[in-house]
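Report on one structure; see the data block that follows.
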Amino acid sequence: MPSDDAGTPQRSARGPEPCTLRRTGYPSGTADEDCNPIGYVEACPENSLRLATYVQDAEREKDTAATELLRKARAGSRRGADLGKQPLHRCLSG
């Protein structure tokens, strides 16, 4: 990725460059600071746990619309964690 005089990465005019899951020496597994598969897989379960608390709060308040929305968001976070594990496993195993 090109950088400016200060060494800050600059995106090309054609849009973001694709993320690759290969060992690069960076903690995320990629040199692209905007693509962090390890952080993504870690954040999804954390979000799911936080959303579980919000679901309980909405249930306690008998807010069915919020409860339904938060349950869907929580399910999405769990799915995201599962989807992220596959490429991360490939990245780490070889």
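In case it helps, this note's numbering puts the sequence shown at residues 215 to 308. Just so it is clear, CB atoms sit at the ideal spot from N, CA and C, and this is done for glycine as well. Fair warning: this is a prediction, and the values are worked out from it, not measured in the lab.
L265 burial status per 10 Å Cβ neighbour count (16 or more: buried): Residue 265 sits at position 51 when you count from the first residue of the sequence shown. L265 should be labelled buried.
Beta-carbon proximity list for S262, same chain, < 8 angstroms, skipping 5 on both sides: The count along the sequence shown starts at 1 and reaches residue 262 at position 48. Once the five neighbours on either side are set aside, the close Cβ partners of S262 are R288, S291, R292 and A295.
Reduced DSSP category for E282 - H, G, I as helix; E, B as strand; rest coil: By one-based count along the sequence shown, residue 282 stands at place 68. In the structure shown, E282 sits in a helix (DSSP, three-state: H, G or I).
Presumed contact (8 angstroms Cβ cut-off) between G298 and V255, rounded CB distance: As a position in the sequence shown, residue 298 is number 84, starting the count at 1. As a position in the sequence shown, residue 255 is number 41, starting the count at 1. Yes, they are in contact, since the Cβ atoms of G298 and V255 sit about 4 angstroms apart, within 8 angstroms.
Three-state class that DSSP yields for K299 in the structure shown: For this step, residue 299 is matched to residue 85 along the sequence shown. If DSSP states are grouped into helix, strand and coil, K299 belongs with the helices.
Limits of the alpha helix (DSSP H) - the one that E275 falls within: On the sequence shown, position 61 is the one that residue 275 refers to. That residue, E275, is in no alpha helix (DSSP H); it is neither H nor E in DSSP.
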